[in-house]
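First up is the structure itself, then whatever we jot down about it.
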Amino acid sequence: MIKHKYIHDDIFEFEAGGSIEGLQVAYHTSERPWQEGDTRKVIWICHALTANSDPEEWWPQLVGPGKLFDTEKYFVVCANMLGSPYGSSGPSSINPNTAKPYYFDFPLITVRDIVKANDLVRKHLGIETIDLMIGGSIGGFQSLEWAVMEPDVIKRVVGIACAVKCTAWLTAYNESMRMALEADPTFRECASLSGGETGLKCARSIALISYRSYQGYNLKQSETDVDFLFASRAGSYQRYQGQKLADRFDAYSYYYLCASADSNNIGRGRGGVEAALGTIKSDCTMIGIDSDQLFPVCEQKHIASCIPGAVYHEITSEFGHDGFLLENDQLTAIIEPLLP
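Just so we're aligned, residue 704 is where the sequence shown starts under this note's numbering, counting upward by one.
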């Protein structure tokens, strides 16, 4: 897939207040450009919290030439979320008024802001209809929000391991991660984008526990020495994953994206969740993961029950929420019949 950048030529107003000029959205598309009169079907992929706009990189078994989401057969698009450090505007972007990163001067971002920015990319490309939109986790937040905001644009939505309203359970995890960032004294100094790096590593460790499961950790991270004195393998894994994220992400973007997850409420100003879901015209398929402790299957079942004609499927995984990135055969079996 090819990377592009959209630059908005007007002021972008944020839902929670504030605005910026020159908003940027990084996005990837199939190599062959979209042109007026193009007959290819459009597949739009919404990425999760710390991913980027190149799904061939983080969903390699499903996206690419000849794969489920065939980038030669379909026109595949994925836009980078606002607040992410992978090319879209956010707290780590340069503030033109100071020539330094925005840090906390950047407006707070909601899921609706992310969708609004992504829809600007759609309009920029000249795409009138999205034949299938799919997203897991916060990507699912976006997909369903978009189906409410633009009911006549999206024909089919597939939401995986997601929700339409932030729960106290999710906010507790997000606040714990923010507390980890705040506990790093370099975070609020805003001296460089490496600020809060130690806190970010800790926040990632917290996140991983929410993404995985009892079975998954015990299967992969149990001690191999039957006579161990102190268990250390899982601890080493947590530190490795924390460093791995710190090498590619920054604490300020992480802070803002966690806050955007807390904004998820599809019923805000629309008469409640059920009323909002009832306005969706897209054919919807919800997929839950039986071991997901972050977004239990009861959430996806409820969503499906509120959307006219929606269908629910459940996959089995020992790896909790992260199963949406790992259980490719099960996902393929569900999604393939839905492809345009």
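All C-beta atoms in this analysis are idealised placements derived from N, C-alpha and C, irrespective of residue type, glycine included. All values derive from a computational prediction rather than experimental measurement.
Can you list, in chain order, the residues of its chain whose CB lies under 7 Å from that of residue i, leaving out five sequence neighbours each side?
{"i": "residue 753", "result": "948, 952"}
{"i": "residue 710", "result": "725, 727"}
{"i": "residue 1030", "result": "1018, 1020"}
{"i": "residue 782", "result": "728, 730, 756, 821, 824"}
{"i": "residue 792", "result": "723, 726, 727, 785"}
{"i": "residue 830", "result": "737, 745"}
{"i": "residue 721", "result": "810"}
{"i": "residue 832", "result": "745, 856, 858"}
Check whether chain C comes within 9 Å of residue i, counting only Cβ atoms and requiring the distance to be less than that.
{"i": "residue 1020", "result": "Looking at the structure shown, chain C is missing, and only one protein chain is on hand."}
Rounded to whole angstroms, what's the CA-CA distance from residue i to residue j? Just pull it up for me.
{"i": "residue 733", "j": "residue 927", "result": "44 Å"}
{"i": "residue 877", "j": "residue 962", "result": "8 Å"}
{"i": "residue 759", "j": "residue 769", "result": "12 Å"}
{"i": "residue 866", "j": "residue 902", "result": "27 Å"}
{"i": "residue 771", "j": "residue 870", "result": "32 Å"}
{"i": "residue 882", "j": "residue 802", "result": "28 Å"}
{"i": "residue 1035", "j": "residue 880", "result": "33 Å"}
{"i": "residue 708", "j": "residue 788", "result": "13 Å"}
{"i": "residue 1007", "j": "residue 763", "result": "28 Å"}
{"i": "residue 872", "j": "residue 747", "result": "29 Å"}
{"i": "residue 1027", "j": "residue 797", "result": "34 Å"}
I think residue i touches residue j, with their Cβ atoms under 8 Å apart; what is that distance to the nearest whole Å?
{"i": "residue 766", "j": "residue 730", "result": "Actually they are not in contact, since the Cβ atoms of residue 766 and residue 730 sit about 14 Å apart, beyond 8 Å."}
{"i": "residue 918", "j": "residue 994", "result": "7 Å"}
{"i": "residue 848", "j": "residue 814", "result": "5 Å"}
{"i": "residue 816", "j": "residue 717", "result": "5 Å"}
{"i": "residue 795", "j": "residue 958", "result": "Not quite, the Cβ-Cβ distance comes to about 10 Å (not below 8 Å), so this is no contact."}
{"i": "residue 744", "j": "residue 834", "result": "4 Å"}
{"i": "residue 1003", "j": "residue 991", "result": "4 Å"}
{"i": "residue 916", "j": "residue 1022", "result": "6 Å"}
{"i": "residue 778", "j": "residue 741", "result": "7 Å"}
{"i": "residue 1005", "j": "residue 913", "result": "Going by Cβ atoms, the distance from residue 1005 to residue 913 rounds to 20 Å, so no, they are not a contact pair."}
{"i": "residue 1038", "j": "residue 861", "result": "6 Å"}
Could you please give me the residues that DSSP links to residue i through a beta bridge?
{"i": "residue 915", "result": "Answer by DSSP bridge pairing: none, since residue 915 is not bridged."}
{"i": "residue 747", "result": "780, 836"}
{"i": "residue 829", "result": "According to DSSP, which records beta bridges pairwise, residue 829 is partnered with nothing at all."}
{"i": "residue 1015", "result": "989"}
{"i": "residue 804", "result": "797"}
{"i": "residue 957", "result": "BP columns for residue 957 are empty, so no partner."}
{"i": "residue 857", "result": "833"}
{"i": "residue 841", "result": "According to DSSP, which records beta bridges pairwise, residue 841 is partnered with nothing at all."}
{"i": "residue 968", "result": "868"}
{"i": "residue 705", "result": "732"}
{"i": "residue 722", "result": "716"}
Leaving out the 5 sequence neighbours to the left and right, which residues in its chain are closer than 6 Å to residue i when beta-carbon positions are compared?
{"i": "residue 749", "result": "838, 842, 845, 846"}
{"i": "residue 807", "result": "none"}
{"i": "residue 1014", "result": "988"}
{"i": "residue 892", "result": "898"}
{"i": "residue 900", "result": "949"}
Tell me which residues share the same chain as residue i and place their Cβ nearer than 8 Å to its Cβ, disregarding the 5 neighbours each side in the sequence.
{"i": "residue 851", "result": "969, 973, 979, 980, 982, 983"}
{"i": "residue 904", "result": "942, 945, 946, 948, 949"}
Closer than 8 Å to a non-hydrogen atom of the ligand SAH - does that hold for the CB of residue i?
{"i": "residue 977", "result": "In the structure shown, the ligand SAH is absent, as is every other ligand, since no ligand is present at all."}
### Task
Any chance you could list the alpha helix (DSSP H) runs of at least 4 consecutive residues sitting entirely within the segment 860 to 947, in chain order?
For secondary structure counted as the alpha helix (DSSP H) over 4 or more consecutive residues, the segment 860 to 947 holds these complete runs in sequence order: 871 to 885, 900 to 914, 917 to 924.
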